[in-house]
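Protein sequence lines correspond, in order, to chains A and B. The first sequence: position 229 = 228 (numbering that gives the first Met the number 0), numbered continuously. The second sequence: position 185 = 184 (numbering that gives the first Met the number 0), numbered continuously.
2 protein chains.
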Amino acid sequence: MVEFVPARGIPIYIQIRDALRAEITGGNLRRGQQLPSENELAARFHVSRMTMRESIEGLVNEGLLYRRHGVGTFVALPRPQREHAKPTSLSDEDDNEHTQVKLLELKVIPATPKVAQALDIPAGSHVILVKTLHYADGVPITVQNAHIPYKLFPGLLNENVGVQHLWTLFEKAGYRVRRAVQRLEAREASKQVAHWVNIQEGAPVLFKECTVYADNGTPVEFTYCYSRGDLYTLTVGLERGRRVGQ
Amino acid sequence: MVEFVPARGIPIYIQIRDALRAEITGGNLRRGQQLPSENELAARFHVSRMTMRESIEGLVNEGLLYRRHGVGTFVALPRPQREHAKPTSLSDEDDNEHTQVKLLELKVIPATPKVAQALDIPAGSHVILVKTLHYADGVPITVQNAHIPYKLFPGLLNENVGVQHLWTLFEKAGYRVRRAVQRLEAREASKQVAHWVNIQEGAPVLFKECTVYADNGTPVEFTYCYSRGDLYTLTVGLERGRRVGQ
DNA sequence: GAGTGGTCTAGACCACCCG
DNA sequence: GGGTGGTCTAGACCACTCG
Numbered sequence: 000m001v002e003f004v005p006a007r008g009i010p011i012y013i014q015i016r017d018a019l020r021a022e023i024t025g026g027n028l029r030r031g032q033q034l035p036s037e038n039e040l041a042a043r044f045h046v047s048r049m050t051m052r053e054s055i056e057g058l059v060n061e062g063l064l065y066r067r068h069g070v071g072t073f074v075a076l077p078r079p080q081r082e083h084a085k086p087t088s089l090s091d092e093d094d095n096e097h098t099q100v101k102l103l104e105l106k107v108i109p110a111t112p113k114v115a116q117a118l119d120i121p122a123g124s125h126v127i128l129v130k131t132l133h134y135a136d137g138v139p140i141t142v143q144n145a146h147i148p149y150k151l152f153p154g155l156l157n158e159n160v161g162v163q164h165l166w167t168l169f170e171k172a173g174y175r176v177r178r179a180v181q182r183l184e185a186r187e188a189s190k191q192v193a194h195w196v197n198i199q200e201g202a203p204v205l206f207k208e209c210t211v212y213a214d215n216g217t218p219v220e221f222t223y224c225y226s227r228g229d230l231y232t233l234t235v236g237l238e239r240g241r242r243v244g245q
Numbered sequence: 000m001v002e003f004v005p006a007r008g009i010p011i012y013i014q015i016r017d018a019l020r021a022e023i024t025g026g027n028l029r030r031g032q033q034l035p036s037e038n039e040l041a042a043r044f045h046v047s048r049m050t051m052r053e054s055i056e057g058l059v060n061e062g063l064l065y066r067r068h069g070v071g072t073f074v075a076l077p078r079p080q081r082e083h084a085k086p087t088s089l090s091d092e093d094d095n096e097h098t099q100v101k102l103l104e105l106k107v108i109p110a111t112p113k114v115a116q117a118l119d120i121p122a123g124s125h126v127i128l129v130k131t132l133h134y135a136d137g138v139p140i141t142v143q144n145a146h147i148p149y150k151l152f153p154g155l156l157n158e159n160v161g162v163q164h165l166w167t168l169f170e171k172a173g174y175r176v177r178r179a180v181q182r183l184e185a186r187e188a189s190k191q192v193a194h195w196v197n198i199q200e201g202a203p204v205l206f207k208e209c210t211v212y213a214d215n216g217t218p219v220e221f222t223y224c225y226s227r228g229d230l231y232t233l234t235v236g237l238e239r240g241r242r243v244g245q
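What follows is the structure, given as structure tokens:
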């Protein structure tokens, strides 16, 4: 935490933040340990205290540090799991190498009333349906029906849908994905779902409805998912808002 | 957004933030509308630009505004639902007046290995078991088994458990609840669960495991929940971290 | 009282976007 | 080029906690 040569091009407060994060996750700073005061850190890194605070702020938001007014700044425990849970457009943890995705259908259809409402478009508008089957270790786990407003992404049909996350395509089109709302239920498998994921009709499935929003609030995706109850666990990290209402 | 008399005792940036939030949610500022520049707002509220930015920052984090470098600050759509989803220690949306909670059991037991691991305490340590049944509109929906390290809250047994959220009790004891991790599955109802929520054995239930952490990273609660699949929907808001990795 | 984090100022220069 | 947000400074005073 002593030697520090700022690079050009990258904001200093981010460089300091990265340096501190490395110290913490690397184990040089132990859990519960108190950091030097903001003034001392600012002097050590040769920046103003405001800049130093900006660095610390980010780590507090990440949950790596916490502050106590009038006392000091401390190292929190390592993050329990995948916090800052990025909402993902697929089945939430499909990033590892043991998962595969198979494209079942890709076509333009009129939006059902429910889909239209979720996407905030007129009922019957064109939406792109992306139906996929998701495997883990070769076993089919999840059937997913994603709906995307055709107007927002008219070029989507030419892209490599199913291979990349839909999100990647959204960002290419200039929509920064920011929020998602999921609704979760336990249901009985319909005949169709049972067929796809290879279980008995009526067996429990985790049903998920998910609406994804860009940072300007536009809904960009509405998805139904059906996952095998016996093989699928959805993990969600929740965080309390920062300084909200205070 | 013009007249503004700062009150004493409350930080100005919070007062400005509240004023702006009211403008937005009140509908005076429409979605997509551009706000005056930071400089102009600072002048209007008679504060420095840094203070003005602090106000805006919070609203951006809440998702009410978004910024575009070199362009301006804009009003996002109203929040889709209960974003900033506070993790709640109960079944997640038990705040309204149509829900009741019945205390089934309250006792100290030795921690099972799984509970001990989740709470980061030695196996067999004392934990407080709070078993509750949650009703919506008079219908039993959820059975919950909450486990709390006895060492952290030795006085909990004397409190009005079951009436207030456990969280309230945590905060009284000086633990600020900050994060939670939930694991969700669809399962078949066991005979016991089926009995409590009045469904057939084998019917689908939403199973939830939840670990709750204080802001210093200490696990304060580990909970199992079983909810009727046909009547219960869990809604979760996800947000992308701010400036994470950037 | 001494030290900490919390708030706030009045400037500055930079990076980005647009016409 | 002109306006926007992004970064940064070198101070100041306040509110909180603890010994």
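We treat Cβ as the ideally placed atom computed from N, Cα and C, and that holds for glycine. This structure is a prediction, so every number in the text was calculated from the model and none was measured.
- Residues of chain B whose Cβ lies closer than 7 Å to the Cβ of Tyr65 (chain A) are, in chain order, Asp214 and Asn215.
- Chain A has a Cβ within less than 8 Å of the Cβ of Thr232 (chain B).
- Under the 8 Å Cβ criterion, the region 193–212 of chain B counts as touching the region 139–152 of chain B, having at least three qualifying pairs.
- For Glu170 (chain B), no Cβ of chain A is located within less than 8 Å of the residue's own Cβ.
- Rounded to the nearest whole angstrom, the CA to CA distance from Phe44 (chain B) to Ile15 (chain B) is 8 Å.
- Non-local C-beta neighbours of Val107 (chain A) in its own chain, meaning closer than 8 Å and more than five positions away in sequence, comprise His125, Val126, Ile127, Leu128, Tyr149 and Leu156, ordered along the chain.
- Not a single CB atom of chain A sits nearer than 8 Å to the CB of Glu220 (chain B).
- Close partners of Glu187 (chain B) in chain A (Cβ separation under 7 Å): Pro203.
- The DSSP-derived three-state label of Leu155 (chain B) is helix.
- Using a CB distance cut-off of 8 Å, Gly228 (chain A) counts as an interface residue toward chain B.
- The C-alpha of Ala117 (chain B) is placed about 34 Å away from the C-alpha of Asp214 (chain A).
- The alpha-carbon separation between Asn27 (chain A) and Ala21 (chain A) amounts to approximately 9 Å.
- In the three-state reduction of the DSSP assignment, His125 (chain A) falls in the strand class, which pools E and B.
- For Arg30 (chain B), DSSP assigns no beta-bridge partner whatsoever.
- A Cβ-Cβ distance of about 23 Å is found for the pair Thr234 (chain B) and Arg175 (chain A), leaving them out of contact under the 8 Å criterion.
- With respect to Glu187 (chain B), Pro203 (chain B) sits close: the two C-beta atoms are nearer than 8 Å.
- At least one CB of chain B lies nearer than 8 Å to the CB of Val180 (chain A).
- Taking C-beta atoms as the reference points, Gln33 (chain B) and Gly71 (chain B) count as a pair closer than 8 Å.
- No residue range can be given for Gln199 (chain A), since it is assigned to no alpha helix (DSSP H) and is classified by DSSP as neither H nor E.
- Straight-line measurement puts the Cα of Ile120 (chain A) at about 10 Å from the Cα of Thr217 (chain A).
- In the DSSP assignment, Lys101 (chain B) falls outside any alpha helix (DSSP H) and within the unbroken beta strand (DSSP E) covering Thr98 to Pro109.
- With distances taken between CA atoms, Ser189 (chain A) lies nearest to A:Gly201 out of A:Leu19, A:Gly201 and A:Ala179.
- Secondary structure of Thr232 (chain A) (DSSP, three-state): coil.
- Just measuring C-alpha positions, the residue of B:Thr167, B:Trp166, B:Ile23 and B:His146 sitting nearest Val59 (chain B) is B:Ile23.
- Around the beta carbon of Lys207 (chain A), 16 or more other beta carbons lie within 10 angstroms, which makes this residue buried.
- The DSSP-derived three-state label of Ser226 (chain A) is strand.
- Within the same chain, and ignoring the five residues on either side of Leu40 (chain A) in sequence, the residues whose Cβ sits closer than 6 Å to its Cβ are Met51.
- Residue environment: Arg227 (chain B) is assigned as buried (16 or more neighbouring CB atoms within 10 Å of its CB, all protein chains considered).
- Closer than 8 Å to the CB of Leu237 (chain B) there is at least one CB belonging to chain A.
- In this structure, Phe73 (chain A) keeps its C-beta atom at 8 Å or more from the C-beta atom of Leu63 (chain A).
- Shortest Cα-Cα distance from Pro109 (chain A) to any of A:Lys101, A:Gly123, A:Leu103 and A:Tyr12 involves A:Gly123.
- Around the Cβ of His68 (chain A), a 10 Å sphere holds fewer than 16 other Cβ atoms; the residue is exposed.
- If you look at Arg66 (chain A), you'll find it in the beta strand (DSSP E) that goes Leu64 to Arg67.
- When DSSP reads this structure, His133 (chain B) sits in a beta bridge with B:Val100 and B:Thr141.
- Listed along the chain, the chain B residues whose CB falls inside 8 Å of the CB of Leu183 (chain A) are Leu183, Leu205, Thr232, Leu233, Thr234 and Val235.
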